[in-house]
Amino acid sequence: MRILITGAAGFIGFHTAARLLDRGDEVVGLDNMSPYYDVAMKEARLARLKGRNGFHFIKADLAEREVVEAVFAEEKPERVIHLAAQAGVRYSLNHPHAYIDANIRGFLHVLEGCRHHGIEHLVYASSSSVYGANRKLPFSVSDKVDHPVSLYGATKKANELMAHSYAHLFALPVTGLRFFTVYGPWGRPDMSLFQFTRNILEGKPIPVFNYGHHARDFTYIDDVVEGIVRTSETVAKPDPDWNGENPDPATSSAPYRLYNIGNHSPIKLLDYIAVIEQAVGRKAELEMLPAQPGDVPETYADVAALKQAIGFEPSTPIEVGVKRFVDWYREFYGV
């Protein structure tokens, strides 16, 4: 198939593009190469995609309406996997406009492109951040998510609402995927695994927020990509049992679906650091710090809906995934 992947130079986008190219799909990769983190990392990922049969890259900003319209008109994708976004909870505290431009305006332009060009299925990235102040664990896609605690989380919730309106009004099949702390080789330099590994190897202290009392549902990149690919092939359909008097947020009378993609096995932050220490072969110096605004104490994915829909659930043990990352890091940086 001919598939448009937005955010193709990003962590998840790069791995998804590579997976689709491996199986013979044509991939149109779009990215604005934002300097939110080291652009050299994005260029290194792209270098591994460019030149491969079936890959075509376009540098463009989704916030530019005319540019996005031209991409859909000229490239004629059959399906879209929308992974581009302004990420980061803490960054949203001081750079709110970046989230509106990328996550709201940019997503609107993607929806319009899908609407006017007969896209068979739009799969888009949401986030576990939409659960916000919720404390009932594990987090289920059937839970209400009306209390975001960061602007980032609020924009991802807005994406889900926008997607539903297009599914309802224009019968556009849409599937939203709530990712839970994705990690692995070629990961984002602003994420904890990257920072912790780098600092331990350089003999620098690592910042441990909330004094280490966080727990996260760390999800390995290969599991996330498997979920993306399988859901893209499972085109969203209306739920015949959906009831407006008792509405399930995860389905609809429109062709709309939501799924969690998480390892459904939360790990305490201090245990996570111990796994990194073992993989690196050195002890970490911990700098214990208070919780940051917008952080939540624990994430834990209920993936029953995902497993029922696509016959798959993430399962890579944290010890396996972290070792693969550390091995990649040593090779990539020559450490």
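Taking the numbering used here, the leading residue of the sequence shown gets 1, the next gets one more, and so forth.
We treat Cβ as the ideally placed atom computed from N, Cα and C, and that holds for glycine.
Cβ-Cβ separation between G113 and S129: approximately 25 angstroms, too far for a contact (criterion under 8 angstroms). Segment contact: the segment 184-202 against the segment 318-326, three or more CB-CB distances shorter than 8 angstroms; contact assigned.
Each residue's CA atom was taken as its position, placing F180 and I12 some 12 angstroms apart. Buried is the label assigned to K157, since at least 16 other Cβ atoms lie within 10 Å of its Cβ. Excluding the 5 residues flanking it on each side, V67 has same chain C-beta neighbours closer than 7 angstroms at A60 and D61, in chain order.
Only exposed fits V39, as fewer than 16 other CB atoms lie within 10 angstroms of its CB. The C-beta distance from F14 to R45 rounds to 4 angstroms, short enough to meet the 8 angstroms contact threshold. Taking the Cα positions, I228 is about 8 angstroms away from L177. In the three-state scheme derived from DSSP, where H, G and I count as helix and E and B as strand, E287 is classed as strand.
Put simply, the backbone Cα of F332 is about 9 angstroms away from that of W186. About 6 angstroms separates the Cβ atoms of Y259 and T231, confirming a contact at the 8 angstroms cut-off. With the rule of 3 Cβ pairs closer than 8 angstroms, the segment 292-303 counts as touching the segment 129-138. If you keep only unbroken beta strand (DSSP E) runs of at least 3 residues inside the segment 18-60, you get 26-31 and 55-59. Excluding sequence positions up to five before and after G29, its CB lies within less than 6 angstroms of the CB of I5, A8, A17 and F57, all in the same chain and listed in chain order. Across the structure, D217 and N210 are spaced so that their CA atoms are roughly 16 angstroms apart. A distance below 9 angstroms separates the beta carbons of A84 and D31. A direct Cα-Cα distance of roughly 31 angstroms separates H109 from E313. Straight across, the Cα-Cα distance linking S252 with V235 is about 14 angstroms. In terms of Cβ geometry, A87 and R198 do not form a close pair [threshold 9 angstroms]. Just measuring C-alpha positions, the residue of A47, G184 and V80 sitting nearest M1 is V80. Judged by DSSP in its simplified three-state form, H214 adopts coil rather than helix or strand.
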